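Undergrad: Using the numbering used here, the letters of the sequence shown map in sequence onto residues 168 to 570. Below are the structure tokens for one structure; questions will follow.
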Amino acid sequence: MRTTVQGKTILLIVGGGIAAFKALELVRELGRAGAKVLPVLTENGARFVTPLSLSALAGEKVRTSLWDLEDEAAMGHIQLSRAADLVVVCPATASLMARAAAGMADDLATTLLLATDKPVLMVPAMNVRMWLHPATQRNIATLRGDGITVMQPDDGAMACGEFGPGRLPEVPAIVAAIGAAIAAQFGSKPLLGRHALVTAGPTLEPIDPVRFISNHSSGKQGFAIAAALARLGARVTLVAGPVHLATPAGVTRIDVMTARDMKDACKAALPADIAVMVAAVADWRAEVSPQKLKKDGSAPPPLSLTENPDILAGIGHHAQRPALVVGFAAETHDLIPHAAAKRLKKGADWIVANDVSEGVFGSDSNHVHLITATGSEDWGAQTKHAVATTLAARIAAHFSGSK
Ligand code: CTP
């Protein structure tokens, strides 16, 4: 992330919620990445973190009030709202988002949000019922319609004892979203000159001229990753199984049907700097009957299955192995140990592990963990678009040498 946020100024508005303490960690991480943070603490935010701790970590004065004559003399609030490259609200409470959506300017935070001409990223955290309430969802739709980026909160156990969406996303995910917002704003293309190979969707293995073996993969996650890598400047070759999705802008798509077609297309696409193997490759193929198999009133026809080649392992151990090989792992149990074992076995650098017992197929959201050589990170439940953006930003950070 160093290259994207380094030297950039971030106006950080800390709202009043139990998650406010994580804003301190965010300030530290942004500082480490070379960003300057101008902190603003709301009146309720100050009930959870002190101005002193925020100021000590940011190395900057904390502003708390619209009515501080000294602050206004040093830098007026209109000027402050434009002094940064990006405005981040973390945590963004239901109330703060509601007031921002209504265009209110009744404290320093909302006034800055109304007066700024810079992109705004909101990182929500609140009780699950508050998050799911139609009023909050309506406000989020309004904010997004106004061009504000609202991150998807994590799913999980909440401080109040309830369970569901509403937790503040993990700090690395917030840092990556900030990096992506900065990159989008400055048109920075950190992956320019890199070639990325992405596989997506299911494969389809025919049994006879009318029947096939396949799986529920929709291709949405792989397509989103191809799009996110292209947005960061990579030349992307997307090898797609049969899915009904539009080809993302700037992506070269190769449509395939079977696992063996996909393998051949991937090998032909080498050399690449990056491989992200998202496809749900059918593990077995059948011996194809040239004619439609008919019922003959006795036993059903036997299916003779052969294991398909492992495309990820083939790329992970290839003589022209890309510098960064990322696999996915679809698991229904023991997610982390199974995914970590796949990382080693298939010669991948990273594995994005998802629990497919959670109904991820076809859905727009995905709860993933990133497994690397040094450990695992829980990225929480996010939209597939957000997972793609975060992963692409991590890949860019890897090549810039900061991860
Ligand atoms: N994969 C692949 N070729 C295969 C099977 C899987 O390239 N023939 C890749 C997938 O694209 C994914 C990773 O391997 O990046 C893991 O896929 P997954 O379905 O989770 O695991 P499998 O290897 O099929 O193992 P199992 O079904 O036993 O869990």
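Ideal placement from N, C-alpha and C gives every residue a C-beta, glycine not left out. Small disclaimer: the values here were computed from a predicted structure and weren't measured.
Please report the straight-line C-alpha distance between Arg420 and Arg214, rounded to a whole angstrom.
TA: Numbered from its first residue, the sequence shown carries residue 420 at position 253. Numbered from its first residue, the sequence shown carries residue 214 at position 47. Whole-angstrom Cα-Cα distance: 52 angstroms.
Undergrad: Look at the alpha carbon of Leu191 and the alpha carbon of Ser220, and state the distance between them as a whole number of angstroms.
TA: The residue given as residue 191 occupies position 24 in the sequence shown. The residue given as residue 220 occupies position 53 in the sequence shown. Rounded to whole angstroms, Leu191 to Ser220 spans 8 angstroms at the Cα level.
Undergrad: What's the gap between the Cα of Arg334 and the Cα of Ala480?
TA: As a first step, residue 334 must be located in the sequence shown, where it is residue number 167. As a first step, residue 480 must be located in the sequence shown, where it is residue number 313. Rounded to the nearest angstrom, the two C-alpha atoms are 36 angstroms apart.
Undergrad: I'd like the span of the beta strand (DSSP E) that includes Ser532, first residue to last.
TA: Here residue 532 refers to the residue found at position 365 when the sequence shown is read from its first residue. Here the beta strand (DSSP E) through Ser532 covers Ser532 to Thr539.
Undergrad: According to DSSP, is Arg378 helix, strand or coil?
TA: Position 211 of the sequence shown holds residue 378. It is coil, neither helix nor strand.
Undergrad: To the nearest angstrom, report how far apart Ala395 and Asp531 are at their CA atoms.
TA: Here residue 395 refers to the residue found at position 228 when the sequence shown is read from its first residue. Here residue 531 refers to the residue found at position 364 when the sequence shown is read from its first residue. Rounded to whole angstroms, Ala395 to Asp531 spans 15 angstroms at the Cα level.
Undergrad: Going along the chain, which residues of its own chain have a beta-carbon closer than 7 angstroms to the beta-carbon of Gly174, five neighbours each way excluded?
TA: By one-based count along the sequence shown, residue 174 stands at place 7. Counting only Cβ-Cβ distances below 7 angstroms, and skipping sequence neighbours, we find Gly201.
Undergrad: Give me the Cβ distance between Thr171 and Gly346, rounded to the nearest whole Å; I'm assuming they're in contact under 8 angstroms.
TA: Within the sequence shown, numbered from 1, the residue matching residue 171 stands at position 4. Within the sequence shown, numbered from 1, the residue matching residue 346 stands at position 179. Contact flag correct, Cβ pair sits at about 4 angstroms.
Undergrad: How far does the alpha helix (DSSP H) with Trp298 in it reach, from first residue to last?
TA: To locate residue 298, count along the sequence shown from 1; it is residue 131. Trp298 -> alpha helix (DSSP H) spans Val295 to Leu299.
Undergrad: Label Gly360 either buried or exposed according to how many other C-beta atoms from any shown protein chain fall within 10 Å of its C-beta, with 16 as the threshold for buried.
TA: Against the sequence shown, residue 360 aligns to sequence position 193. When all chains shown are included, Gly360 counts as exposed.
Undergrad: Based on DSSP bridge pairs, tell me the residues matched to Thr556.
TA: As a working note, residue 556 is residue 389 in the sequence shown. Thr556 is not bridged to any residue.
Undergrad: Specify the secondary structure class of Lys509 as computed by DSSP and reduced to three states.
TA: On the sequence shown, residue 509 is found 342 positions in, with the first residue counted as 1. Three-state DSSP puts Lys509 in a helix.
Undergrad: Quick check on Ala436: does DSSP put it in helix, strand or coil?
TA: Start at 1 with the first residue of the sequence shown, and residue 436 comes out as number 269. Here Ala436 sits in helix by DSSP.
Undergrad: Tell me the rounded alpha-carbon separation between Ser465 and Gln458.
TA: If you number the sequence shown from 1, residue 465 lands on position 298. If you number the sequence shown from 1, residue 458 lands on position 291. Straight-line Cα distance between these residues: approximately 18 angstroms.
Undergrad: Use the C-beta contact count for Pro415: other C-beta atoms within 10 angstroms, 16 or more gives buried, fewer gives exposed.
TA: As a first step, residue 415 must be located in the sequence shown, where it is residue number 248. Burial call: buried.
Undergrad: If you measure from the beta carbon of Ala564 to each beta carbon in chain D, is any gap under 8 angstroms?
TA: Among the chains of the structure shown, chain D does not appear; only one protein chain is present.
Undergrad: Among Ala292, His505 and Gln352, which residue has its Cα nearest to the Cα of Val254?
TA: Working through the sequence shown from its first residue, we reach residue 254 at position 87. If we check each option's Cα against that of Val254, Gln352 comes out closest.
Undergrad: Can you check which of these residues, Lys203, Asp313, Ser471 and Ala186, is closest to Gly579 by C-alpha distance?
TA: Outside the shown range of the chain, which is 168 to 570, sits residue 579, and nothing can be said about it.
Undergrad: Here's a check: name, in chain order, each residue in its chain whose Cβ is nearer than 7 angstroms to the Cβ of Val204, leaving out the five neighbours to either side.
TA: On the sequence shown, position 37 is the one that residue 204 refers to. Same-chain partners within the cutoff: Ile177, Leu179, Val194, Leu197, Gly198, Ala225 and Glu227.
Undergrad: Please check the pair Pro332 and Ala548, which I expect to be a contact at CB under 8 angstroms, by giving their CB distance rounded to whole angstroms.
TA: If you number the sequence shown from 1, residue 332 lands on position 165. If you number the sequence shown from 1, residue 548 lands on position 381. About 6 angstroms; that satisfies the 8 angstroms criterion.
Undergrad: Judging by CA-CA distance, which residue of Phe330, Val448 and His411 is the nearest neighbour of Asp428?
TA: Taking the first residue of the sequence shown as position 1, residue 428 is located at position 261. The option with the nearest alpha carbon to Asp428 is Val448.
Undergrad: Can you tell me the Cα-Cα spacing of Cys327 and Val338, whole angstroms?
TA: Translated into positions along the sequence shown, residue 327 becomes position 160. Translated into positions along the sequence shown, residue 338 becomes position 171. Roughly 20 angstroms separates the two Cα atoms.
Undergrad: Rounded to the nearest angstrom, how far is the Cβ of Ala486 from that of Ala496, given a contact under 8 angstroms?
TA: Sequence index remark: in the sequence shown, residue 486 carries index 319 (1-based). Sequence index remark: in the sequence shown, residue 496 carries index 329 (1-based). Wrong, their Cβ atoms sit about 25 angstroms apart, outside the cutoff.
Undergrad: Quick check: does the Cβ of Pro476 come within less than 7 angstroms of any heavy atom belonging to ligand 1?
TA: Your numbering for residue 476 matches position 309 in the sequence shown. Correct: Pro476 has its Cβ closer than 7 angstroms to ligand 1.
Undergrad: Cβ of Lys203 versus every heavy atom of ligand 1: is any distance shorter than 7 angstroms?
TA: Stepping through the sequence shown from its first residue, residue 203 is reached at position 36. No, the beta carbon of Lys203 sits no closer than 7 angstroms to any heavy atom of ligand 1.
Undergrad: For the structure I just gave you, are there three or more beta carbon pairs, one from the segment 293–306 and one from the segment 354–368, closer than 8 angstroms?
TA: The segment 293–306 vs the segment 354–368: no contact.
Undergrad: On the three-state DSSP scale, how would you describe Thr425?
TA: Translated into the one-based positions of the sequence shown, residue 425 becomes position 258. Correct three-state label for Thr425: coil.
Undergrad: Ignore the nearest five residues each way along the sequence and tell me which others in Thr277's own chain have a CB closer than 8 angstroms to its CB.
TA: Taking the first residue of the sequence shown as 1, we reach residue 277 at position 110. Leu263, Arg266, Ala267 and Met271, listed in sequence order.
Undergrad: Which residue marks the beginning of the alpha helix (DSSP H) containing Gly198, and which one marks its end?
TA: The residue labelled residue 198 in the question sits at position 31 within the sequence shown. Element bounds for Gly198: Ala187 to Arg199.
Undergrad: Taking DSSP as the reference, what is the three-state secondary structure of Ala259?
TA: Position 92 of the sequence shown holds residue 259. Strand.
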